[in-house]
Every structure is written in structure tokens, then in C-alpha cells.
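Position 73, counted from 1, in the sequence shown is what this note's numbering calls 80; the numbers after and before it change by one each time, with no gaps.
First the structure, in the form of C-alpha cells, and then the observations on it.
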Amino acid sequence: MALTVPESVTRFRQFLQINTVHPTPEYRKCAEFLIVKGNDIEGRFIDILKLEGTDPSEKPILLSCHTDVVPKQKRNTFDWENWEYWTHPPFATDRFLTEDGDFRVYARDSQNIKVTRSMYLEAIRKIKSSNLKLKRTIFIVFAPYEEIGGKDGVIKFVETEEFGNMNFGADVDEGIIRSLDKTMFFYSERTIK
């Protein structure tokens, strides 16, 4: 029996095959992939995507996450730099059937944070295809350099007039995939001077 693979899973696996690990992340390849795969969503891609809401008096929501991955590194006695220690090749996006009949995809950056970027795009795609109209405008921002401090990525962006004019009511940054039936929320308040 042939298994039907959802397009969202296929896109996610293709995205995972792009190496965005420091010190030499393939930002251009990542950007090109997102532009092609997000073409049907519309918007100024990579930096900003926008889904217009119906009520301009409501402050928009920002969904943000980074486009890079922590560098390969050694931790304790485990050599993270040596891919041979991985149980699955880090960019192969192998898909395995689990005991409960579900599937898992193994790849570098599958949890931090390409899954979130993919979910943002899939959510907007579903909203648009269902013709659902949201009250608030939704912005999605993908920024580089988070894993090495963000000074050339989101920090530069928040200093712009464009960012200030967006006047966000809330920002959902990243998020963590969970297999449980509960959702965890983390929050903090910061100002940039």
C-alpha cells in the first residue's frame, strides 16, 4: 500500500536538507528555497511576510524566528562536529515509521528551528486557502544571525523605522514542538534602548 505524504511534510523535508549550520550557513540557498516555496503566500519574503487583517485599529501580531543553526560543537565527550556519531545523516531528512503508526523525520535543525518556520508558512497557506479573514494583521519575520547574537539580523531590523511603524501588539518568537497534548508558553518583556 502506497503511503500518501502530505505536501507540507515534503516541503519540510526539502527545507531540512539545506545546511544552515554556523560558521558557514547557506543563507542564500535558504532564502531561495523560502522564496520559491512561499511564492503562493505573497509578501516581501525572507525579511517580512504580511497577511492583512480586517481591522486596522487592532495591533498586528508578529511571528518571528531565526534562519540559522548553532555551529557544530563538542559537548562533554561527545563530538558534535563529527557527523558519523549521528544515528541518521543530518541533512538526509530520513522519514521513519514509529510503533504507533506515525512518522518521524530526522535531520539537523528539525526542532530548532526550521519546524517553526515551516509551521508559520503552512498556517498562512491554510488560512489563505480556507478564505478565513483574521481580525489582526499577521507579520512573519525570518531573521539571520540569531544563534550568534543577532546583531546583524533582528537587532538591526528593530532599529528601523519600518519595524517601529508596524507597532506590534504581540510577538510569538520561535516556539518548541511538543508531542504532548499541552502547549507551553514562555514570555518575557524587554525594551531596546
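Cβ atoms here follow ideal geometry from the backbone N, Cα and C, with glycine treated the same way.
In the DSSP assignment, the beta strand (DSSP E) including residue i goes from what residue to what residue?
i: V7; result: Beyond the ends of the chain as shown, which are 8 and 200, falls residue 7; an answer cannot be given.
i: F98; result: Taken as a continuous stretch (DSSP letters only), F98 belongs to no beta strand (DSSP E), as it is neither H nor E.
i: I155; result: Here I155 belongs to no beta strand (DSSP E), and DSSP marks it neither H nor E.
Let's see if you can read the secondary structure: which residues bound the alpha helix (DSSP H) around residue i?
i: T136; result: A small fix is needed here, since residue 136 is Ser in this sequence, not Thr. Residues 121 to 136.
i: S71; result: From DSSP, S71 is part of no alpha helix (DSSP H) but of the beta strand (DSSP E) over 68 to 73.
i: R20; result: 14 to 23
Have a look at residue i and residue j and give me their C-alpha separation to the nearest angstrom.
i: V12; j: Y113; result: 16 Å
i: F40; j: K66; result: 30 Å
i: T94; j: L69; result: 36 Å
i: T134; j: K57; result: Looking at the sequence provided, one finds Ile at residue 134 rather than Thr. Roughly 12 Å separates the two Cα atoms.
i: P96; j: D107; result: 23 Å
i: E181; j: A130; result: 14 Å
Quick one: what's got a C-beta closer than 6 Å to residue i's C-beta in the same chain, skipping five residues either side?
i: T61; result: K140, K142
So which of the options has the shortest CA-CA distance to residue i?
i: C37; options: I25, I68, T31, P30; result: I25
i: V28; options: V179, A177, D116; result: D116
i: V77; options: E169, S137, E153; result: E153
Leaving out five residues before and five after residue i in sequence, what residues of the same chain have Cβ atoms less than 8 Å from its Cβ?
i: R20; result: T100, R102, V112, A114
i: P151; result: P32, Y34, H73, T74, D75, D159, G160
i: N172; result: none
Hey, does residue i have any beta-carbon neighbour from chain D nearer than 8 Å?
i: F110; result: Although the question refers to chain D, the structure presented lacks it and comprises just one protein chain.
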